[in-house]
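Note that the sequence shown covers residues 1 to 329 in full-length UniProt numbering.
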Amino acid sequence: MQSSSNLFPVALISAERRGDLSEDVYRLKPGNSPDYSVELAVTRLGMADAGESRGVPVILLHGSFSNRRFWYSPKGLGLGAYLTRLGFDVWIPEMRGHGLSQRNQGYRNNRVADYARYDLPAIGAFVREQSGQVPHWIGHSLGGITLAAALGGHYLGEPAVASAAFFGTQVSRTYWPLKIPPVEWSGRFILKRFAQLSGSKLKRGPEDEPIGLALESMRWYGLFGRFGDAEKNWWAGLADVQVPVMAVSAAGDHQDPTWACRKLFEQIGSEHKQFVCLGREQGFTGDFGHVEMLVSKAAQAEVWPLVGRWLQDQQASLLADQPRLAEAV
């Protein structure tokens with residue numbers, strides 16, 4: 001595998017022009033997890049006529065049953081394309097077995113713990129190597145949960161994260177039946193008979209999800225469960241996070257309600273953070289839903305500019321801090 005990186009084997013598997021945008025797709029083989037078959041596809045968007053000039057990097061993490069198309073459609077629409085046209089250097093990874101990322105040998109056992117500990121740090125390191133800058137991170141739903149796990153587990157931190165934004169992200173919603181041990185045991189017994197959950201059959205999205213994710217979340221929500229793995233308490237670790245944070249909920253989101261999203265937001269220790277609820281009472285044109293908060297005409301008009309302003313403000317703050325840091329040194 002010919003490498004485009006000094007970190008680990010990386011191949012540029014396609015380089016295309018999509019209208020006014022350029023689309024480069026890389027295949028990463030980090031080799032940093034127990035499953036050495038893991039390969040991750042990462043799409044980089046840029047302006048086709050901009051030459052080698054690139055802006056500030058932004059990494060977009062998709063949610064469950066999804067892939068890169070959540071952020072960037074074949075017609076060049078989506079938050080990823082919007083941010084690219086604003087001048088950002090946009091990177092869109094696809095998690096193990098999603099989109100252009102092939103299923104690894106241990107696919108059925110994939111967990112957020114694997115994504116957070118192994119995959120996100122490798123992706124972040126590659127983006128930093130290629131761009132020469134510290135990236136901003138944005139996660140939707142499970143992508144946000146994975147980002148929170150990486151931050152709370154201290155797998156990612158300030159050297160690798162300029163800021164973090166969470167959309168429809170929470171781990172506090174209570175599923176009372178799972179608090180009853182016999183119910184949880186029965187559920188785990190049934191789920192273990194499957195290798196994956198079908199997004200198309202469940203009408204949740206175009207991709208499947210490994211059963212390992214479902215079993216992991218059942219443990220989080222079970223009796224005495226917590227957001228973490230056997231080694232680390234990610235929830236407690238969020239109190240140590242100091243990077244700027246924005247958390248966004250949707251008033252019409254019944255899957256990840258506002259109160260639960262706010263609870264995760266409040267657990268984060270950063271002094272520089274902002275919470276936004278997308279609803280009529282907050283001055284938006286409607287009560288957004290879980291997907292519509294980022295993929296809809298209303299989102300294009302009201303939410304995408306909000307994200308763009310947030311990123312521009314964070315970058316302006318970083319540039320303003322550089323002279324002060326130099327004086328301190």
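For every residue, glycine included, the Cβ atom is placed at its ideal position computed from N, Cα and C.
Please read these numbers as outputs of a predicted model, since none were measured by experiment.
Original post:
Going straight from the alpha carbon of Asp-114 to that of Ser-64, what length do you get?
Top reply: Walking along the sequence shown from the start, residue 114 turns up at place 114. Walking along the sequence shown from the start, residue 64 turns up at place 64. Across the structure, Asp-114 and Ser-64 are spaced so that their CA atoms are roughly 15 Å apart.
Original post:
Going by C-alpha distance, which of Pro-182, Ala-160 and Tyr-221 is nearest Gln-242?
Top reply: Counting from 1 along the sequence shown, the entry for residue 242 is found at position 242. Comparing alpha-carbon positions, the option among Pro-182, Ala-160 and Tyr-221 lying closest to Gln-242 turns out to be Ala-160.
Subject >> Distance cut-off 7 Å: Ser-22 Cβ against heavy atoms of the ligand FAD >> reply: Ligands in the displayed structure: none, and consequently the ligand FAD is not present.
Original post:
Between the beta-carbon of Val-56 and the beta-carbon of Gln-130, is there less than 8 Å?
Top reply: Position 56 of the sequence shown holds residue 56. Position 130 of the sequence shown holds residue 130. Contact: no.
Subject >> For Arg-108 and Gly-212, believed in contact at Cβ under 8 Å, the rounded distance >> reply: Residue 212 sits at position 212 when you count from the first residue of the sequence shown. Residue 108 sits at position 108 when you count from the first residue of the sequence shown. The beta-carbon distance between Gly-212 and Arg-108, rounded to whole angstroms, is 6 Å. This is short enough to meet the 8 Å contact definition.
Original post:
Distance, Cα to Cα, Thr-84 vs Ala-164?
Top reply: Counted from its first residue, the sequence shown places residue 84 at position 84. Counted from its first residue, the sequence shown places residue 164 at position 164. One C-alpha to the other measures close to 18 Å.
Subject >> First and last residue of the uninterrupted beta strand (DSSP E) at Ile-13 >> reply: Stepping through the sequence shown from its first residue, residue 13 is reached at position 13. Residue range 10-18 is occupied by the beta strand (DSSP E) that includes Ile-13.
**OP:** Check the C-beta distance from Leu-294 over to Phe-167 and give it rounded, since I have them as a contact under 8 Å.
**Re:** Here residue 294 is taken as the residue at index 294 of the sequence shown, counted from 1. Here residue 167 is taken as the residue at index 167 of the sequence shown, counted from 1. The beta-carbon distance between Leu-294 and Phe-167, rounded to whole angstroms, is 6 Å. This is short enough to meet the 8 Å contact definition.
**OP:** Using beta-carbon positions only, say whether Trp-71 and Leu-60 come within less than 8 Å of one another.
**Re:** On the sequence shown, position 71 is the one that residue 71 refers to. On the sequence shown, position 60 is the one that residue 60 refers to. In this structure, Leu-60 lies closer than 8 Å to Trp-71 by Cβ.
Original post:
Which residues mark the beginning and the end of the alpha helix (DSSP H) in which Val-127 is found?
Top reply: Position 127 of the sequence shown, counted from the start, is the residue given in the question as residue 127. For Val-127, the enclosing alpha helix (DSSP H) starts and ends at 120-131.
Original post:
Looking at Val-10 and Leu-28, is the spacing between their C-beta atoms short of 8 Å?
Top reply: Position 28 of the sequence shown, counted from the first residue, corresponds to residue 28. Position 10 of the sequence shown, counted from the first residue, corresponds to residue 10. Pairing Leu-28 with Val-10 gives a Cβ-Cβ distance under 8 Å.
Original post:
Is it true that the CB of Gly-106 sits closer than 8 Å to the CB of Asp-35?
Top reply: On the sequence shown, position 35 is the one that residue 35 refers to. On the sequence shown, position 106 is the one that residue 106 refers to. Remark: C-beta atoms of Asp-35 and Gly-106 approach each other more closely than 8 Å.
Original post:
Looking at the unbroken beta strand (DSSP E) that takes in Gln-274, where does it start and where does it end?
Top reply: Counting from one through the sequence shown, the residue named residue 274 turns up at place 274. The continuous beta strand (DSSP E) containing Gln-274 extends over residues 273-278.
Original post:
Are at least three pairs of beta-carbons, each pair with one atom in the region 141-159 and one in the region 118-125, less than 8 Å apart?
Top reply: Judged by pairs of C-beta atoms under 8 Å, the region 141-159 touches the region 118-125, as three or more such pairs exist.
Subject >> Start-to-end residues for the alpha helix (DSSP H) that takes in Ile-145 >> reply: Position 145 of the sequence shown, counted from the start, is the residue given in the question as residue 145. Run containing Ile-145: 142-152, per the alpha helix (DSSP H) assignment.
Subject >> Span separating the alpha-carbon of Glu-281 from that of Pro-257 >> reply: As a working note, residue 281 is residue 281 in the sequence shown. As a working note, residue 257 is residue 257 in the sequence shown. Their backbone Cα atoms lie some 15 Å apart in a straight line.
Subject >> Residues near Gly-269 by beta carbon distance below 8 Å, same chain, minus five either side >> reply: On the sequence shown, position 269 is the one that residue 269 refers to. Leu-238, Ala-239, Asp-240, Val-241 and Gln-242.
Subject >> Top-ranked residue by Cα proximity to Arg-68, from Val-42, Ser-53, Phe-8 and Glu-216 >> reply: On the sequence shown, position 68 is the one that residue 68 refers to. When each option's Cα is compared against that of Arg-68, the closest is Val-42.
Subject >> Under the three-state DSSP convention, the category Met-293 falls into >> reply: If you number the sequence shown from 1, residue 293 lands on position 293. Reduced to three states, the DSSP call for Met-293 is coil.
Subject >> Beta-carbon gap between Ala-148 and Pro-30 smaller than 8 Å >> reply: Position 148 of the sequence shown, counted from the start, is the residue given in the question as residue 148. Position 30 of the sequence shown, counted from the start, is the residue given in the question as residue 30. Result no, Cβ atoms of Ala-148 and Pro-30 do not sit closer than 8 Å.
Original post:
To the nearest angstrom, how far is it from the Cα of Phe-8 to the Cα of Ser-37?
Top reply: By one-based count along the sequence shown, residue 8 stands at place 8. By one-based count along the sequence shown, residue 37 stands at place 37. In a straight line, the C-alpha of Phe-8 is about 13 Å away from that of Ser-37.
Subject >> For Met-218, three-class secondary structure by DSSP >> reply: Here residue 218 is taken as the residue at index 218 of the sequence shown, counted from 1. Correct three-state label for Met-218: helix.
**OP:** Give me whichever residues DSSP pairs with Arg-309 in a beta bridge.
**Re:** Along the sequence shown, one-based indexing puts residue 309 at 309. DSSP lists no partner for Arg-309.
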